[in-house]
Each structure stands twice: as structure tokens, then as C-alpha cells.
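What follows is a single structure, written as C-alpha cells, with notes after it.
2 protein chains.
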Amino acid sequence: MGFQETFKALSDDVRREILLMLRNGKKSAGEIASCFDMTNATVSYHLSILKKAGLITEEKEKNYIFYKLNTSVFEDVMMWFTQFKDGKKSE
Amino acid sequence: MGFQETFKALSDDVRREILLMLRNGKKSAGEIASCFDMTNATVSYHLSILKKAGLITEEKEKNYIFYKLNTSVFEDVMMWFTQFKDGKKSE
DNA sequence: AATCTATTTAGAAAATTTTCTAAATAGATT
DNA sequence: AATCTATTTAGAAAATTTTCTAAATAGATT
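These protein sequences, in sequence, are chains H and Z.
Taking the numbering used here, the leading residue of the first sequence gets 1, the next gets one more, and so forth.
Taking the numbering used here, the leading residue of the second sequence gets 101, the next gets one more, and so forth.
Okay, here's the thing in C-alpha cells:
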């Protein structure tokens with residue numbers, strides 16, 4: 001886990017696009033890949049980065065692999081940001 | 101601006117450490133650099149990335165350069181995350 | 001069991017990022 | 001004006017990331 005991995009995963013346009021795409025339900029690797037102008041292999045690489053970061057989970061069904069958001073990690077990241085909301089002792 | 105730049109800036113341990121370090125007030129480049137086991141030039145590079153991303157601002161005083169958090173960009177990032185809180189239409 | 005379909009893995013090339021050393025800048029002090 | 005102090009910029013080397021093509025896997029269909 002670790003924020004390094006999570007923020008690195010979030011730091012790429014394609015990967016953030018994939019996350020947005022998964023907001024309203026799971027999608028197969030193929031469906032996801034078809035939205036991008038890159039090979040399926042490359043999109044598969046991005047999915048693996050998101051999966052390693054815990055931002056998505058996979059679910060096999062027939063010979064498809066469906067991906068969906070893992071919202072709990074989003075909440076962890078939100079929590080990281082709350083460190084910057086107040087809590088500072090003046091200056 | 102743009103999220104690409106902001107998330108890239110956040111995706112490095114050293115840079116996130118710098119941000120945490122700036123929570124309770126501004127610090128000079130030298131003070132910041134002294135907390136890391138790397139050259140001042142390298143820390144300066146990280147500061148430039150954070151500055152480009154809008155996460156910090158600089159302020160010259162004597163021959164020091166002080167850096168401080170720019171909280172408004174943190175709020176923008178928080179907003180990005182709210183896209184993943186509900187808003188999804190079942191499925 | 002042969003083939004098809006969806007997807008990933010391996011390996012290499014290209015691009016980007018991180019770090020360093022050395023030199024440059026620029027304001028402060030002598 | 002010479003020097004010192006704090007910091008950045010330039011350029012290069014090393015490390016990491018992104019992308020591709022080709023091959024591998026694995027379940028589904030014929």
C-alpha cells in the first residue's frame with residue numbers, strides 16, 4: 001500500500017481517466033482499453049498500476065476481467081489531505 | 101495548472117514530506133534542504149516542481165527564499181476526489 | 001482437442017524523472 | 001568593490017516510467 005504507490009498511480013492522465021470511467025460500475029479490460037488510443041497491452045499495464053495501488057480491484061468472469069473502484073483507498077487519500085486543513089499552530 | 105502537474109508533484113515522497121513540513125509556517129530553502137539527505141540543488145529541483153504545480157509559493161526576503169503552502173490548490177485536489185463520493189447511478 | 005477471444009506478460013526502445021557536480025546569480029556584509 | 005551566503009540553473013548520468021510488438025495464458029466455443 002503506501003501513499004507513494006497511490007499518488008504515483010494517480011499521477012497519470014490515462015489512469016485518472018480510467019478511474020473516472022469506473023465511477024458508475026465495473027468495466028472489462030477491453031471496454032476500458034477501447035476508450036484509449038493505445039494498445040490493450042499498454043492499458044493493461046495501467047490497470048496493473050492502479051490495482052497495485054489498491055485503487056481498483058479485479059473480478060474474473062468468463063474470459064473477461066472486470067475492474068471496479070475500491071473506494072476505501074480513495075478515502076485514505078482524502079484523509080491524507082485533511083492534514084492540510086487547519087491543525088496548524090499559528091506560525 | 102492542471103491535475104497532471106499537481107498529482108505528479110504529489111507523487112514523490114520527498115515532495116510530500118516538504119509539504120507536511122510547511123504545514124506550520126514558511127521555511128527557507130536551506131531549512132527545508134537540511135532535513136534531507138540530498139544536495140541543496142536537488143531539493144531546489146523538488147521545490148520548483150511543487151511551485152510549478154501551485155502547491156507552494158515563494159517569497160524572497162534578504163538572500164533567503166521562503167516557501168509556504170498554497171492551500172487553495174489543495175482544495176482543488178480535494179474537490180477532484182469528491183467525484184468519487186457517490187454521484188454514481190447504481191450498478 | 002482445435003480454435004477463438006480476452007487479456008496479460010516479457011522484453012526492448014523511447015521518454016521522463018531524479019540526482020549529482022559545477023557554475024551562475026543575487027543580495028548582504030566587510 | 002571584494003567577498004560571503006543562500007539559492008538556483010545547466011548539463012550529464014542513472015533510474016524509472018511509458019509504450020510498443022510479439023508471445024503466453026486461460027477460459028469458451030466449435
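Glycine included, each C-beta is placed from N, C-alpha and C at the ideal position.
Computed from a predicted structure; not experimentally measured.
Under three-state DSSP, which class holds residue i?
i: LYS52/H; result: helix
i: LEU22/H; result: coil
i: THR71/H; result: helix
i: LYS188/Z; result: For LYS188/Z, the pLDDT reaches just 48, beneath the cut-off of 50, and the residue's location in the model is therefore unreliable, although a value from the coordinates is still provided. In this structure, LYS188/Z counts as coil in the three-state DSSP scheme.
i: PHE36/H; result: coil
i: LYS8/H; result: helix
i: ASP13/H; result: helix
Go through its chain and collect everything with a Cβ distance to residue i's Cβ below 7 Å, but skip five positions before and after it.
i: VAL77/H; result: THR6
i: LEU110/Z; result: ARG116
i: PHE36/H; result: VAL14, VAL43
i: ALA133/Z; result: ASN140, VAL143
i: TRP180/Z; result: PHE103
Buried or exposed: where does residue i fall if 16 or more other Cβ atoms within 10 Å of its Cβ makes it buried?
i: TYR45/H; result: exposed
i: ALA41/H; result: exposed
i: LEU147/Z; result: buried
i: LEU22/H; result: buried
i: LEU119/Z; result: buried
Who are the Cβ neighbours of residue i in its own chain at under 8 Å, not counting the five residues just before and after it?
i: GLY25/H; result: LYS68
i: TYR64/H; result: SER28, ALA29, GLY30
i: GLU59/H; result: LYS26, ILE65, PHE66, TYR67, LYS68
i: ASN170/Z; result: GLY154, LEU155, ILE156, THR157
i: LYS85/H; result: none
i: LYS52/H; result: GLU5, ALA9
For residue i, which residues of its own chain have a beta-carbon under 6 Å away from its beta-carbon, when the five flanking residues on both sides are left out?
i: LEU50/H; result: ALA9, ARG15, ILE56
i: VAL173/Z; result: GLY154, LEU155
i: GLU161/Z; result: none
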